[in-house]
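Engineer:
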Amino acid sequence: GGRGGLDVARVHVLYLRYMLELAHRHRVPCQRNLILHRIIMHGIPLASSTGGRKGCNPVISISEGGTGQRVFASRAMRFYDTEEASAVLPLEVFMCGDIVLKLHHYIPP
88 GGRGGLDVAR
98 VHVLYLRYML
108 ELAHRHRVPC
118 QRNLILHRII
128 MHGIPLASST
138 GGRKGCNPVI
148 SISEGGTGQR
158 VFASRAMRFY
168 DTEEASAVLP
178 LEVFMCGDIV
188 LKLHHYIPP
(Lines of atoms letter the chains of each structure in order from A and count residues from 1; the text may use other names and numbers.)
(Lines give C-alpha, C1' and ligand atoms only; values in the text may rest on other atoms or scores of the structure.)
Protein backbone atom coordinates (compact mmCIF):
# COMPACT_ATOMS: atom_id res chain seq x y z
CA GLY A 1 0.00 0.00 0.00
CA GLY A 2 1.06 3.60 -0.49
CA ARG A 3 2.27 5.92 2.25
CA GLY A 4 2.56 9.64 1.59
CA GLY A 5 2.49 9.17 -2.18
CA LEU A 6 5.07 6.36 -2.13
CA ASP A 7 4.22 2.86 -3.30
CA VAL A 8 5.73 0.84 -0.47
CA ALA A 9 5.10 -2.90 -0.36
CA ARG A 10 3.89 -4.30 2.97
CA VAL A 11 7.07 -6.33 3.37
CA HIS A 12 9.15 -3.17 3.05
CA VAL A 13 7.06 -1.41 5.69
CA LEU A 14 7.60 -4.36 8.06
CA TYR A 15 11.35 -4.29 7.37
CA LEU A 16 11.52 -0.55 8.05
CA ARG A 17 9.66 -1.01 11.34
CA TYR A 18 12.11 -3.75 12.30
CA MET A 19 15.12 -1.52 11.52
CA LEU A 20 13.59 1.41 13.43
CA GLU A 21 13.03 -0.84 16.44
CA LEU A 22 16.68 -1.98 16.32
CA ALA A 23 17.87 1.63 16.12
CA HIS A 24 15.55 2.72 18.94
CA ARG A 25 16.94 -0.01 21.22
CA HIS A 26 20.53 0.64 20.08
CA ARG A 27 20.89 -2.94 18.85
CA VAL A 28 22.46 -4.47 15.79
CA PRO A 29 21.52 -7.77 14.12
CA CYS A 30 23.36 -10.86 15.32
CA GLN A 31 26.92 -10.88 13.97
CA ARG A 32 27.61 -14.59 14.63
CA ASN A 33 27.71 -16.97 11.69
CA LEU A 34 24.53 -19.03 11.60
CA ILE A 35 23.27 -21.87 9.43
CA LEU A 36 19.74 -21.84 8.06
CA HIS A 37 19.14 -25.58 7.67
CA ARG A 38 15.60 -25.51 6.33
CA ILE A 39 12.37 -23.60 6.02
CA ILE A 40 9.19 -25.37 7.02
CA MET A 41 6.11 -23.99 5.31
CA HIS A 42 2.87 -25.06 7.02
CA GLY A 43 0.01 -24.97 4.58
CA ILE A 44 0.70 -24.94 0.86
CA PRO A 45 -0.50 -21.87 -1.07
CA LEU A 46 -2.51 -22.26 -4.27
CA ALA A 47 -0.13 -20.50 -6.65
CA SER A 48 -0.73 -22.75 -9.64
CA SER A 49 -3.57 -24.89 -10.90
CA THR A 50 -2.48 -26.66 -14.06
CA GLY A 51 -2.86 -30.21 -15.27
CA GLY A 52 -5.08 -31.10 -12.32
CA ARG A 53 -2.35 -30.15 -9.85
CA LYS A 54 -2.95 -27.42 -7.29
CA GLY A 55 -0.11 -25.99 -5.23
CA CYS A 56 3.21 -24.26 -5.64
CA ASN A 57 6.76 -24.74 -6.85
CA PRO A 58 8.82 -22.63 -4.40
CA VAL A 59 11.98 -20.67 -5.19
CA ILE A 60 13.97 -19.00 -2.40
CA SER A 61 16.44 -16.12 -2.45
CA ILE A 62 18.31 -14.69 0.53
CA SER A 63 19.98 -11.28 0.53
CA GLU A 64 21.99 -9.31 3.07
CA GLY A 65 19.66 -6.84 4.74
CA GLY A 66 22.03 -3.89 4.66
CA THR A 67 23.50 -4.20 1.17
CA GLY A 68 20.83 -6.15 -0.67
CA GLN A 69 23.57 -8.42 -2.04
CA ARG A 70 22.19 -11.87 -2.83
CA VAL A 71 23.91 -14.60 -0.81
CA PHE A 72 21.71 -17.54 -1.88
CA ALA A 73 19.32 -18.38 -4.70
CA SER A 74 17.66 -21.76 -5.07
CA ARG A 75 16.54 -23.43 -8.23
CA ALA A 76 12.88 -24.31 -8.51
CA MET A 77 12.12 -26.93 -5.90
CA ARG A 78 9.71 -29.80 -6.31
CA PHE A 79 6.01 -29.08 -6.72
CA TYR A 80 4.10 -29.13 -3.42
CA ASP A 81 0.40 -29.98 -3.62
CA THR A 82 -2.17 -28.05 -1.56
CA GLU A 83 -3.25 -31.40 -0.06
CA GLU A 84 0.13 -31.72 1.68
CA ALA A 85 0.20 -30.46 5.26
CA SER A 86 3.60 -28.81 4.99
CA ALA A 87 6.70 -28.41 2.86
CA VAL A 88 10.25 -28.83 4.16
CA LEU A 89 12.60 -26.72 2.05
CA PRO A 90 16.24 -27.78 2.68
CA LEU A 91 18.80 -24.96 2.48
CA GLU A 92 22.05 -25.40 4.50
CA VAL A 93 22.99 -21.73 4.00
CA PHE A 94 25.61 -19.93 6.10
CA MET A 95 24.67 -16.36 6.96
CA CYS A 96 25.52 -13.53 9.29
CA GLY A 97 23.70 -10.38 10.35
CA ASP A 98 20.42 -9.12 8.99
CA ILE A 99 18.91 -11.01 6.03
CA VAL A 100 15.96 -10.65 3.68
CA LEU A 101 14.36 -13.94 2.68
CA LYS A 102 12.09 -14.08 -0.37
CA LEU A 103 10.00 -17.11 -1.21
CA HIS A 104 7.95 -17.11 -4.39
CA HIS A 105 6.33 -19.49 -6.87
CA TYR A 106 8.37 -20.55 -9.91
CA ILE A 107 6.69 -19.83 -13.22
CA PRO A 108 8.45 -21.58 -16.12
CA PRO A 109 9.40 -19.42 -19.12
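If you're matching positions, the sequence shown starts at 88 in my numbering and goes up one per residue. Glycine is no exception: its CB is placed at the ideal position from the N, C-alpha and C atoms. Only a predicted model underlies this, so the values are computations on that prediction, with no experimental measurement involved.
1. Reducing DSSP to helix, strand and coil, say where E170 ends up.
2. Can you list, in chain order, the stretches of the beta strand (DSSP E) that have 3 or more residues and sit fully within the region 91 to 153?
3. How many Å lie between R157 and L176 at the Cα?
4. Do the CB positions of I131 and L188 come within less than 8 Å of each other?
5. Less than 8 Å separating the beta-carbons of L178 and R119?
6. Span of the beta strand (DSSP E) holding I186?
7. In its own chain, which residues sit with a C-beta less than 8 Å from the C-beta of L133, not counting the 5 before and 5 after it?
8. Can the beta-carbon of G182 be found less than 8 Å from the beta-carbon of L109?
9. Using DSSP with H/G/I as helix, E/B as strand and the rest coil, what is M164?
10. Closer than 6 Å by C-beta to G152: which residues in its own chain qualify, once you throw out the five before and the five after it? Chain order, please.
11. Can you grab the Cα-Cα spacing for the pair L190 / R162, in whole Å?
Structural biologist: This is what the structure holds:
1. In the sequence shown, the residue the question calls residue 170 occupies position 83. Three-state DSSP puts E170 in coil, outside helix and strand.
2. 120 to 129, 135 to 137, 140 to 143 and 145 to 151
3. Translated into the one-based positions of the sequence shown, residue 157 becomes position 70. Translated into the one-based positions of the sequence shown, residue 176 becomes position 89. Cα to Cα, the separation comes out at about 18 Å.
4. Position 44 of the sequence shown, counted from the start, is the residue given in the question as residue 131. Position 101 of the sequence shown, counted from the start, is the residue given in the question as residue 188. Contact: no.
5. Start at 1 with the first residue of the sequence shown, and residue 178 comes out as number 91. Start at 1 with the first residue of the sequence shown, and residue 119 comes out as number 32. Their beta carbons are not under 8 Å apart, which means L178 does not touch R119 by this criterion.
6. Taking the sequence shown and counting its residues from 1, one reaches residue 186 at position 99. I186 -> beta strand (DSSP E) spans I186 to H192.
7. Here the question's residue 133 lines up with position 46 in the sequence shown. For L133, where only same-chain residues beyond five positions count, the Cβ hits under 8 Å are K141, G142, C143 and T169.
8. Residue numbering aside, residue 182 sits at position 95 when the sequence shown is read from its first letter. Residue numbering aside, residue 109 sits at position 22 when the sequence shown is read from its first letter. Note that residue 182 is Met in the sequence shown, not Gly. Against a cut-off of 8 Å, the Cβ pair of L109 and M182 comes out as no contact.
9. Here residue 164 is taken as the residue at index 77 of the sequence shown, counted from 1. DSSP places M164 in coil when its eight states are reduced to three.
10. Stepping through the sequence shown from its first residue, residue 152 is reached at position 65. These residues qualify, in order along the chain: D185, I186 and V187.
11. Reading the sequence shown from its first residue, position 103 is the one you call residue 190. Reading the sequence shown from its first residue, position 75 is the one you call residue 162. When rounded, the distance between both Cα atoms is 11 Å.
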